[in-house]
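In my numbering, each residue's number is its place in the sequence shown (first place is 1) plus 87.
Note that the Cβ used here is the ideal one computed from N, Cα and C, for glycine as well.
Remember, it's a predicted structure, so these values are computed and weren't measured experimentally.
Below is one structure; the comments refer to it alone.
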Amino acid sequence: MKALFGAFLMIVGVVLGIYVGLWVMFAGGIKSIVAGSVLWGLIKMLLLPWISGFVIAWIP
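Below you can see the structure in the form of C-alpha coordinates.
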(Lines of atoms letter the chains of each structure in order from A and count residues from 1; the text may use other names and numbers.)
(Lines give C-alpha, C1' and ligand atoms only; values in the text may rest on other atoms or scores of the structure.)
Protein backbone atom coordinates (compact mmCIF):
# COMPACT_ATOMS: atom_id res chain seq x y z
CA MET A 1 0.00 0.00 0.00
CA LYS A 2 2.80 2.40 0.89
CA ALA A 3 4.58 1.63 -2.39
CA LEU A 4 1.39 2.48 -4.30
CA PHE A 5 1.09 5.73 -2.36
CA GLY A 6 4.70 6.62 -3.21
CA ALA A 7 4.11 5.90 -6.90
CA PHE A 8 0.95 8.01 -6.77
CA LEU A 9 2.87 10.91 -5.20
CA MET A 10 5.56 10.72 -7.89
CA ILE A 11 2.89 10.76 -10.62
CA VAL A 12 1.26 13.77 -8.97
CA GLY A 13 4.67 15.49 -8.90
CA VAL A 14 5.20 14.82 -12.61
CA VAL A 15 1.69 16.06 -13.46
CA LEU A 16 2.23 19.21 -11.38
CA GLY A 17 5.56 19.79 -13.11
CA ILE A 18 3.97 19.46 -16.57
CA TYR A 19 1.07 21.71 -15.53
CA VAL A 20 3.42 24.41 -14.21
CA GLY A 21 5.56 24.15 -17.36
CA LEU A 22 2.54 24.51 -19.65
CA TRP A 23 1.16 27.35 -17.54
CA VAL A 24 4.49 29.22 -17.81
CA MET A 25 4.63 28.60 -21.59
CA PHE A 26 1.06 29.75 -22.32
CA ALA A 27 0.88 32.61 -19.83
CA GLY A 28 4.18 34.08 -21.06
CA GLY A 29 5.84 37.17 -19.66
CA ILE A 30 8.59 37.54 -17.03
CA LYS A 31 6.13 37.71 -14.14
CA SER A 32 4.54 34.32 -14.88
CA ILE A 33 7.94 32.71 -15.51
CA VAL A 34 9.17 33.95 -12.13
CA ALA A 35 5.94 32.83 -10.43
CA GLY A 36 6.13 29.42 -12.16
CA SER A 37 9.75 28.84 -11.18
CA VAL A 38 9.05 29.93 -7.59
CA LEU A 39 6.03 27.59 -7.45
CA TRP A 40 8.03 24.70 -8.93
CA GLY A 41 10.87 25.44 -6.47
CA LEU A 42 8.41 25.25 -3.57
CA ILE A 43 6.91 21.99 -4.90
CA LYS A 44 10.39 20.48 -5.25
CA MET A 45 11.46 21.68 -1.77
CA LEU A 46 8.35 20.12 -0.21
CA LEU A 47 8.15 16.87 -2.22
CA LEU A 48 11.69 15.88 -3.17
CA PRO A 49 13.12 15.30 0.35
CA TRP A 50 10.01 13.31 1.24
CA ILE A 51 10.10 11.24 -1.99
CA SER A 52 13.86 10.61 -1.82
CA GLY A 53 13.52 9.59 1.85
CA PHE A 54 10.65 7.30 0.88
CA VAL A 55 12.65 5.74 -1.99
CA ILE A 56 15.75 5.25 0.22
CA ALA A 57 13.57 3.69 2.93
CA TRP A 58 12.12 1.18 0.45
CA ILE A 59 15.42 0.07 -1.16
CA PRO A 60 16.19 -3.34 0.41
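Cβ separation of residue i and residue j, assumed to be a contact under 8 Å, to the nearest whole Å
| i | j | result |
| --- | --- | --- |
| residue 130 | residue 96 | Residue 130 to residue 96, Cβ: 11 Å. No contact. |
| residue 90 | residue 145 | 7 Å |
Below-8 Å beta-carbon distance, residue i vs any chain C residue
| i | result |
| --- | --- |
| residue 131 | Of the protein chains in the structure, only one exists, and it is not chain C. |
Contact test: residue i Cβ vs the ligand MN heavy atom, cutoff 7 Å
| i | result |
| --- | --- |
| residue 99 | Ligands in the displayed structure: none, and consequently the ligand MN is not present. |
Candidates the options, of which the one nearest residue i by Cα
| i | options | result |
| --- | --- | --- |
| residue 103 | 88, 124 and 136 | 124 |
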